[in-house]
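What follows is a single structure, written as C-alpha cells, with notes after it.
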Amino acid sequence: MMSMLLAVCPDIVLKITFGDRNRSQVTARKAAFIESLRKHLKAVKMTDVATACCVDLCKAATFSPKTTAEGPRLRLLALNLASDLNSRLLDPSKPFTNSEGVVEILLMSEALAALCKLDRHFVDTTLLEKCLSRNSFPPFQIAFIQACQKLASDPELTSTKSDGTADDDPDDMSNWNVKLKELYPVVASSLRHVFMSAVIELNQFHILMRSNSKVMAGQDNTQKIELVRALLNLWTQDCKLAFYVPPGRTLAPQSGRSCHELNSRLASGAEINPDDLKIFVYLTCKVWI
C-alpha cells in the first residue's frame, strides 16, 4: 500500500530522493519507509516483502513520463534503489528464493525488465556481466531473457510527425521507456553466445548419457533446456534480434560449409563466434529438429 501511495505522490518522492530537510511528518514517515526497504533488502527477515515493494516501485516508474513535473521523481527513486535491488536479486552466492528454496525467476525478470526500461546503461554496466557472461548463474540468464520477452511484448506506440519520421517528444508515452530494439547492439551477440553454448553443452550431455547412462543419470540439465526454450520464445517474438550483428562485426563472406564441416568445428572445442550466423542457424535447426 505504501508503495502505491508513493507512486501517486511525486512531490513527496522528490523530497525523499534529494533528502529535503524541510520535511513534514508525512514525508518523514514515507522516507522512513524507503530506508526500511533498503535495510530489509540486506537483512534476513522481511527481505521478500522489501524486495517485492522495490520491484513494484520500479515497475510503477516505467508508467511515469521522463520530463514532466511528475515523471522524473518516481524514476529517480527507482534508479536510486536499483543498486540495492541488484545486490539482493543478482547475488549468485545467495540467490533470491521462495519459501521452498526455488529461485524466484519471475520476480527477477519483472525487476530486470523495469530497470532495462528505465536505464539503458544499466544493461551495459551491470546486467551483461551478471546475466549474460560465460559464467553467469543460469537462473539469472533465464530471468534476463524473460525480461527481454516482456520488452518485446510491449505494444508499439511510436508516434510519427506529419513527414512520417518518428516523434521524439519526451511527453509522448511511446518515448518514456527504453525499447528492446535499442538494446540490440548490446545484447544480440551475447544472447546468441548463451544459446550456442547451451545447445553444445546439451548435445554433449546427451552423448554422454547414451555412452554412460549410469554415471550421468543423476545430473539435472533442466535449466539449460529452459534457457534454450526461453531464447527460442524470445526470438519468435522478435526475429530481428536473433540475427542482429553490430556494425563492424560482420564476418567476411565464406564459401558454403557442409554439415560435416560445421559439426567438426563445433566438436573441436574451439571458441564459438556468436556472430557466425551460419553456425547459429545450424544449431537452431538442430534444436527444432
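In the numbering used here, each residue carries its 1-based index in the sequence shown increased by 50.
Glycine residues also receive a C-beta, built at the ideal position from the N, C-alpha and C atoms.
Thinking C-beta only, is residue j closer than 9 Å to residue i?
i, j, result
"Q196", "A248", "no"
"S133", "L178", "no"
"L131", "L87", "yes"
"K180", "Y234", "no"
"A128", "A102", "no"
"Q273", "I329", "no"
"D204", "F146", "no"
"F194", "L182", "yes"
"L284", "A202", "yes"
"A100", "K89", "yes"
"V105", "L157", "yes"
"W226", "K95", "no"
"L282", "V337", "yes"
Tell me which residue opens and which closes the alpha helix (DSSP H) that residue i is part of.
i, result
"V278", "T272 to Q287"
"M96", "That residue, M96, is in no alpha helix (DSSP H); it is neither H nor E in DSSP."
"F190", "P188 to S203"
"I322", "Careful: I322 lies outside any alpha helix (DSSP H) and carries neither H nor E."
"L157", "I155 to L168"
"E232", "Counting along the chain, E232 falls outside any alpha helix (DSSP H), and DSSP gives it neither H nor E."
"L178", "L178 to C181"
Just mark residue i as buried or exposed, buried being the case when its beta carbon has 16 or more other beta carbons within 10 Å.
i, result
"P324", "buried"
"V278", "buried"
"P142", "exposed"
"I275", "exposed"
"G268", "For G268, the predicted structure reports a pLDDT of 41, less than 50, and the residue's modelled location is therefore unreliable. A value from the coordinates is still provided. So G268 ends up on the exposed side."
"H243", "buried"
"E321", "exposed"
"C335", "exposed"
"C166", "buried"
"S308", "exposed"
"V265", "The predicted model places V265 with a pLDDT of 46, which falls under 50 and marks its position as unreliable, so this point remains unresolved."
"H190", "The sequence given here has Phe at residue 190, not His. Under this definition F190 is a buried residue."
"S314", "exposed"
"R123", "buried"
Please name the residue in the options whose C-alpha comes closest to that of residue i.
i, options, result
"E154", "A163, L165, S143 and L139", "L139"
"D288", "M246, Q199 and L156", "Q199"
"L91", "S186, C335, N136 and F190", "N136"
"V228", "R125, T97, I84 and E85", "R125"
"P296", "I275, N148, E232 and I329", "E232"
"M246", "V331, L168 and S203", "V331"
"L26", "S183, T286 and E251", "Residue 26 is absent from the model: the chain starts at 51 and stops at 339."
"P188", "D106, C335, C108 and S159", "S159"
"A238", "D174, K167 and L107", "D174"
"A93", "V105, L107, S114 and K144", "K144"
Less than 8 Å between the CB of residue i and some heavy atom of the ligand NAD, yes or no?
i, result
"N148", "Ligands in the displayed structure: none, and consequently the ligand NAD is not present."
Any beta carbon from chain B within less than 9 Å of residue i's own beta carbon?
i, result
"S314", "Looking at the structure shown, chain B is missing, and only one protein chain is on hand."
Considering only DSSP beta bridges, list what residue i is partnered with.
i, result
"T147", "V153"
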